[in-house]
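J.:
Protein chains: 2
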Amino acid sequence: MDHPTIARRALLAAPLLAAPLAAPALLAPRPARAQAPAGQPLVVRKQVFEAGEYRTRGGGVVPNARIGYQTAGTLNAAGDNAVLITHFFSANSHAFGRLSPNGPAGYWDNIVGPGKAIDTDRFFVVSSDTLVNLNLNDATTTSTGPATIDPSTGRPFGMTFPVVSMRDFIEVQKRLLDSLGVKRLALVAGPSMGALQAIEWACAYPDMIDRVMPSVVTGEFDAFLLGWMEIWEVPIRMDPNWRNGDYYGAGREPPLRGLAEALKIVTLQARDRGSLAQFGRRAPEGQDPARRIGDSFAVERFLDEAAAARAKTADANAFIYLTRANQLFLNEYPDSAAALARSKASWLVLPAPGDHIFPIAYGRDLGETLRKAGRPVTVFELEGGLGHLEGVASMNKAEGAIRTFLGTGA
Amino acid sequence: MDHPTIARRALLAAPLLAAPLAAPALLAPRPARAQAPAGQPLVVRKQVFEAGEYRTRGGGVVPNARIGYQTAGTLNAAGDNAVLITHFFSANSHAFGRLSPNGPAGYWDNIVGPGKAIDTDRFFVVSSDTLVNLNLNDATTTSTGPATIDPSTGRPFGMTFPVVSMRDFIEVQKRLLDSLGVKRLALVAGPSMGALQAIEWACAYPDMIDRVMPSVVTGEFDAFLLGWMEIWEVPIRMDPNWRNGDYYGAGREPPLRGLAEALKIVTLQARDRGSLAQFGRRAPEGQDPARRIGDSFAVERFLDEAAAARAKTADANAFIYLTRANQLFLNEYPDSAAALARSKASWLVLPAPGDHIFPIAYGRDLGETLRKAGRPVTVFELEGGLGHLEGVASMNKAEGAIRTFLGTGA
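Chains A and B, in that order, give the protein sequences. All residue numbers for the first sequence refer to the working numbering, where the first residue is 1 and numbers rise by one. All residue numbers for the second sequence refer to the working numbering, where the first residue is 411 and numbers rise by one.
#1: Anything in chain B within Cβ reach of Arg342/A, meaning under 9 Å, just list it in chain order.
#2: Use the C-beta contact count for Ala487/B: other C-beta atoms within 10 angstroms, 16 or more gives buried, fewer gives exposed.
#3: Give me the subset of the region 620 to 649 of chain B whose CB atoms are less than 9 Å from a CB atom of chain A, sorted by chain position.
#4: I'd like the list of long-range same chain contacts for Ser275/A, defined as Cβ closer than 7 Å, with 5 residues on each side in sequence excluded.
#5: Would Glu300/A pass as an interface residue toward chain B - the criterion being a Cβ-Cβ separation below 8 Å?
#6: Contact defined as beta carbons within less than 8 Å: I believe Val592/B pairs with Leu485/B. What is the distance between those atoms, to the nearest angstrom?
#7: Thinking C-alpha only, which one of Val112/A, Pro151/A, Arg257/A is nearest Arg310/A?
#8: For the pair the region 299 to 313 of chain A and the region 251 to 271 of chain A, tell me if three or more CB-CB distances fall below 8 Å.
#9: Please name the residue, chosen from Ala633/B, Ser562/B, Gly777/B, Pro561/B, that lies closest to Leu750/B on a Cα-to-Cα basis.
#10: Which of the three DSSP states, helix, strand or coil, is assigned to Gln173/A?
#11: Of all Cβ atoms in chain B, is any one closer than 8 Å to the Cβ of Arg33/A?
#12: Could you round the C-beta distance between Ile360/A and Ile118/A to whole angstroms and report it? I think they count as a contact, below 8 Å.
#13: Can you check which of these residues, Phe689/B, Ser706/B, Thr788/B, is closest to Gly696/B by C-alpha distance?
#14: Can a CB atom of chain B be found closer than 8 Å to the CB of Lys116/A?
#15: Counting only beta-carbon separations shorter than 8 Å, does Ala717/B have a partner in chain A?
#16: Where does the unbroken beta strand (DSSP E) through Tyr69/A begin, and where does it stop?
#17: Taking 6 Å as the limit between beta carbons, can you name the residues of its chain near Ser503/B, skipping five residues before and five after?
#18: Using a Cβ cut-off of 8 Å (strictly closer), state whether Ser143/A contacts chain B.
#19: Of the residues Val163/A, Glu332/A, Ala283/A, Ile209/A, which one's Cα is nearest the Cα of Thr56/A?
#20: Pull up the DSSP beta-bridge partners for Ser589/B, would you.
#21: Against chain A, with Cβ distances strictly below 8 Å, would Ala605/B count as a contact?
#22: Under 8 Å, do Thr530/B and Gly483/B count as touching if we go by C-beta distance?
#23: Checking contacts by CB at 8 Å: is His766/B closer than that to chain A?
#24: Residues of chain A with a CB under 8 Å from the CB of Pro699/B: which are they?
#25: Please report whether the beta-carbon of Tyr731/B lies at a distance below 8 Å from any beta-carbon of chain A.
#26: Would DSSP call Ala461/B helix, strand or coil?
#27: Does the count of Cβ pairs from the region 606 to 617 of chain B and the region 733 to 740 of chain B closer than 8 Å reach three?
#28: Using a Cβ-Cβ cutoff of 8 Å, what residues of the region 243 to 273 of chain A are near chain B? List them in chain order.
#29: The beta strand (DSSP E) with Thr378/A in it runs from where to where?
#30: Going by beta carbon distance, what residues of the same chain come within less than 7 Å of Asn396/A, once the five residues before and after it are set aside?
#31: Are the CB atoms of Arg184/A and Ala82/A nearer to each other than 8 Å?
#32: From the DSSP output, in three-state form, read off Ala186/A for me.
#33: What are the boundary residues of the beta strand (DSSP E) that Pro624/B is part of?
#34: Tell me, to the nearest whole angstrom, how far the beta carbon of Asn736/B is from that of Leu606/B; I am working on the premise that it is less than 8 Å.
#35: Rank Ala762/B, Gly568/B, Pro624/B, Val535/B by C-alpha distance to the C-alpha of Arg653/B and give the top, closest one.
#36: Expressed to the nearest angstrom, what Euclidean distance is found between the alpha-carbon atoms of Met229/A and Ala461/B?
Pasting the structure below:
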């Protein structure tokens with residue numbers, strides 16, 4: 001493959017962070033308050049929060065819940081200048097800054113940092129890993145999930161790990177914010193599954209949230225979206241190595257093929273035609289799909305390679321627990337409108353017209369539901385060929401709207 | 411499941427025709443000219459066309475190509491009042507009428523028949539099975555494909571069947587029309603893969619086509635769409651029973667699970683949220699997805715059941731050959747615009763805003779490309795909650811536009 005631009009985009013969308021940090025640094029107890037000198041990139045430090053025993057909303061118990069996080073900026077004395085950034089399906093807390101001076105930037109680094117739209121000179125910005133994070137084998141991710149050892153058996157939980165919902169994600173984040181002294185969130189924001197977390201926050205803790213900024217988003221998880229989560233899981237369940245989730249440990253092979261095929265669906269659905277146009281209808285050297293049924297087009301090989309690369313650091317069971325957490329978005333309310341009516345925040349909603357994961361009708365409906373509930377809301381559409389990925393990679397398009405929303409001027 | 415409306419819709423979308431016809435009737439050489447007495451449903455007869463040896467565009471040979479077809483109406487002396495209806499991915503030639511007086515109606519029966527928008531009292535309407543048709547185990551489908559016996563080995567072709575393209579589909583149909591005495595097509599029309607066939611006809615035989623009416627359509631098969639075809643095939647390739655296509659014959663199990671999972675993707679992607687709204691976020695009796703990771707939502711069970719029912723009469727290898735034929739749409743032209751510039755027809759393009767298989771941008775672009783090529787074109791958008799299926803089940807919405815297009819008044 002000789003498509004450096006596409007390869008860069010794939011990396012942007014799949015934050016399989018390569019630079020490991022030493023364990024002692026990960027476990028350092030005091031929060032880092034990253035500040036970048038003028039002209040220098042913001043360097044952040046990955047840390048670990050021990051949330052203790054956590055009882056899930058579904059009645060299960062996570063004996064020792066742990067999540068990684070990073071911060072930048074300084075919390076003021078009132079504890080009310082905090083911003084929480086919540087991550088998307090295949091990401092972790094690395095939303096902004098660099099984990100080492102020459103390492104890659106976080107996925108929203110174009111809008112979070114010193115002097116940027118979400119200004120770390122003004123806000124104390126926190127970003128955390130979720131529970132059941134996908135990136136099991138990435139050294140910069142810390143997350144309790146199905147691969148964690150169950151202390152009652154000494155073996156990984158596998159599919160005995162309790163079901164967790166979007167609400168569970170934010171309950172653990174709430175403990176993290178409490179531990180950091182955060183009293184109010186000036187903003188909670190995130191793309192895709194991060195947008196679902198931001199909305200879940202606004203409905204669960206309406207008195208604590210000033211502003212909500214979900215991008216590439218739905219305000220409800222209806223039957224159509226529930227069905228897609230089921231489709232995403234199919235290849236994992238079909239992989240004989242999955243063994244109903246019991247694949248950890250010596251002598252066993254994880255279901256890497258099924259996981260890669262599952263990630264291939266996500267990879268394609270997260271894009272729109274513009275982001276793949278450079279492959280055109282070409283076939284790789286030596287391949288002739290018009291003559292040989294086993295041959296394929298260049299885009300197929302790209303999808304295979306991108307997914308296989310992602311699969312190496314991911315965990316198949318975590319994938320399944322994540323799709324369920326998405327399915328359980330706003331699960332504790334009679335419906336989406338009833339949930340959203342609880343919010344007391346101002347909203348900036350950023351759907352993308354080319355989004356095939358959360359088609360734009362869902363984002364527009366969210367804006368309408370908020371308007372009917374009397375909430376101040378601006379809907380700014382992210383035009384462009386990347387589709388769902390617009391909400392991750394192209395947030396600079398919304399920079400003016402974000403500055404206006406945060407009252408920080410242009 | 412107690413959702414009769416959804417069940418009916420599923421049947422509409424999956425013409426797994428139940429009423430078998432006796433073989434002698436299928437092989438009767440003379441074309442039937444079905445005419446319905448006033449107030450009676452149109453009854454049509456499935457027939458078989460022997461196309462003989464067929465050399466594919468890719469250089470392969472199909473020793474004895476056969477396809478089923480049905481007709482209604484009477485061809486005039488000039489042979490120029492013919493209409494060809496081309497079928498979608500999971501359908502066969504049963505586009506209109508009933509194969510027995512009490513049998514189900516064809517998928518476009520709401521617009522094809524005596525006095526209907528495509529009036530069989532005026533036009534001689536032909537509809538044929540494609541090569542490599544999906545519905546191997548449906549008695550009313552006749553189609554040469556990977557399950558056909560290779561006369562040189564006495565065993566089914568399997569994956570040694572030659573690659574066929576959308577152009578190959580129409581070349582075999584051309585032989586059928588020649589055998590029936592058709593000189594001109596007043597109209598070629600079809601939904602989805604049928605729309606691709608209609609376009610391929612218009613580009614291959616511009617001097618023979620007066621009008622083209624593709625519904626739920628794209629005018630190009632770009633990298634994004636090529637990639638989706640690859641995704642659709644994944645579950646079949648992952649099924650250990652697939653055995654690289656070598657699963658026919660005694661003592662072997664076909665890859666029914668993989669085929670069902672593949673059809674599940676198609677089933678969901680062919681819909682929009684409106685057509686699944688009645689499932690809401692409900693779980694079936696006894697299922698609690700918020701507490702048990704193995705439990706699921708009602709829509710997931712519906713998708714499983716609908717796909718498993720479809721899989722019983724379908725063939726996994728045919729599915730793979732069909733996705734390739736789609737990928738090879740307009741494959742012999744430099745690009746879509748160059749192909750479409752060959753057309754001399756008038757066009758009625760019917761995209762659907764909720765279409766997730768061919769997102770509406772593709773249909774709108776097709777209209778624009780035709781306009782730029784100087785073709786008379788009307789774009790009529792099929793609004794509604796069914797998504798891609800609007801182009802199959804809701805064509806009555808376009809009845810006025812079709813009558814105007816055909817010059818038959820309202």
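Note that beta-carbon positions come from the ideal geometry of N, C-alpha and C, so glycine has one too.
T.: Let me lay it out:
#1: If you number the first sequence from 1, residue 342/A lands on position 342. Near Arg342/A there are no residues of chain B at all, since even the closest Cβ is about 18 Å away, more than 9 Å.
#2: Counted from its first residue, the second sequence places residue 487/B at position 77. So Ala487/B counts as exposed.
#3: Glu630, Phe631, Asp632, Ala633, Phe634, Leu635, Leu636, Gly637, Trp638, Met639, Glu640, Ile641, Val644, Pro645, Arg647, Met648, Asp649
#4: Counting from 1 along the first sequence, the entry for residue 275/A is found at position 275. Around Ser275/A: Arg9, Gly385, Leu386, Gly387, Leu389.
#5: The residue you call residue 300/A lines up with position 300 of the first sequence. Answer yes: the Cβ-Cβ gap between Glu300/A and chain B drops below 8 Å somewhere.
#6: What you label residue 592/B is simply residue 182 of the second sequence in a count that begins at 1. What you label residue 485/B is simply residue 75 of the second sequence in a count that begins at 1. Yes, they are in contact, since the Cβ atoms of Val592/B and Leu485/B sit about 7 Å apart, within 8 Å.
#7: Residue 310/A sits at position 310 when you count from the first residue of the first sequence. It is Arg257/A whose Cα lies nearest to the Cα of Arg310/A.
#8: yes
#9: As a position in the second sequence, residue 750/B is number 340, starting the count at 1. Comparing Cα-Cα distances from Leu750/B to each of Ala633/B, Ser562/B, Gly777/B, Pro561/B, the minimum goes to Gly777/B.
#10: Here residue 173/A refers to the residue found at position 173 of the first sequence. It is helical.
#11: Translated into positions along the first sequence, residue 33/A becomes position 33. Confidence at Arg33/A is low in this model, with a pLDDT of 48, below 50, so the placement of that residue should be treated as unreliable; the coordinate-derived value is given next. Not closer than 8 Å to any Cβ of chain B, the Cβ of Arg33/A fails to qualify, so no.
#12: In the first sequence, counting from the first residue as 1, residue 360/A sits at position 360. In the first sequence, counting from the first residue as 1, residue 118/A sits at position 118. Going by Cβ atoms, the distance from Ile360/A to Ile118/A rounds to 24 Å, so no, they are not a contact pair.
#13: Counted from its first residue, the second sequence places residue 696/B at position 286. Here the closest residue by C-alpha is Ser706/B.
#14: In the first sequence, residue 116/A corresponds to position 116, counting from 1. Answer no: the Cβ-Cβ gap between Lys116/A and chain B never drops below 8 Å.
#15: Sequence index remark: in the second sequence, residue 717/B carries index 307 (1-based). Output row for Ala717/B: interface = no.
#16: As a first step, residue 69/A must be located in the first sequence, where it is residue number 69. Residues 61 to 72.
#17: Position 93 of the second sequence, counted from the first residue, corresponds to residue 503/B. Hits under 6 Å: Gly478, Tyr479, Gln480, Ser537, Ser538, Asp539.
#18: Here the question's residue 143/A lines up with position 143 in the first sequence. Not one chain B Cβ lies under 8 Å of Ser143/A.
#19: On the first sequence, position 56 is the one that residue 56/A refers to. Cα-wise, what sits closest to Thr56/A is Val163/A.
#20: The count along the second sequence starts at 1 and reaches residue 589/B at position 179. According to DSSP, which records beta bridges pairwise, Ser589/B is partnered with nothing at all.
#21: Counted from its first residue, the second sequence places residue 605/B at position 195. It does not; no Cβ of chain A falls within 8 Å.
#22: As a first step, residue 530/B is located in the second sequence; it is residue number 120 there, counting from the start. As a first step, residue 483/B is located in the second sequence; it is residue number 73 there, counting from the start. Contact: yes.
#23: One-based indexing of the second sequence puts residue 766/B at position 356. Judged by the 8 Å Cβ criterion, His766/B is in contact with chain A.
#24: Along the second sequence, one-based indexing puts residue 699/B at 289. Within 8 Å Cβ-Cβ: Val163, Arg324, Gln327, Leu328.
#25: As a working note, residue 731/B is residue 321 in the second sequence. Cβ-Cβ to chain A under 8 Å: yes for Tyr731/B.
#26: In the second sequence, residue 461/B corresponds to position 51, counting from 1. Looking at Ala461/B - three-state DSSP - the assignment turns out to be strand.
#27: yes
#28: Arg257, Gly258, Glu261, Lys264, Ile265, Leu268, Arg271, Asp272, Arg273
#29: Start at 1 with the first residue of the first sequence, and residue 378/A comes out as number 378. Looking at the DSSP string, the run of the beta strand (DSSP E) that includes Thr378/A is 377 to 379.
#30: Mapped onto the first sequence, residue 396/A falls at position 396. Only Asn110, Ile111 meet the Cβ criterion.
#31: Locating residue 184/A in the first sequence gives position 184, where the first residue counts as 1. Locating residue 82/A in the first sequence gives position 82, where the first residue counts as 1. Yes, these two residues count as a Cβ contact at 8 Å.
#32: Position 186 of the first sequence, counted from the first residue, corresponds to residue 186/A. Here Ala186/A sits in strand by DSSP.
#33: Walking along the second sequence from the start, residue 624/B turns up at place 214. Taken as a continuous stretch (DSSP letters only), the beta strand (DSSP E) holding Pro624/B covers 621 to 625.
#34: In the second sequence, the residue the question calls residue 736/B occupies position 326. In the second sequence, the residue the question calls residue 606/B occupies position 196. At roughly 7 Å, the Cβ-Cβ gap stays under 8 Å, so Asn736/B and Leu606/B are in contact.
#35: Mapped onto the second sequence, residue 653/B falls at position 243. Nearest option by C-alpha distance: Gly568/B.
#36: Counting from one through the first sequence, the residue named residue 229/A turns up at place 229. Counting from one through the second sequence, the residue named residue 461/B turns up at place 51. Their Cα atoms are separated by approximately 44 Å.
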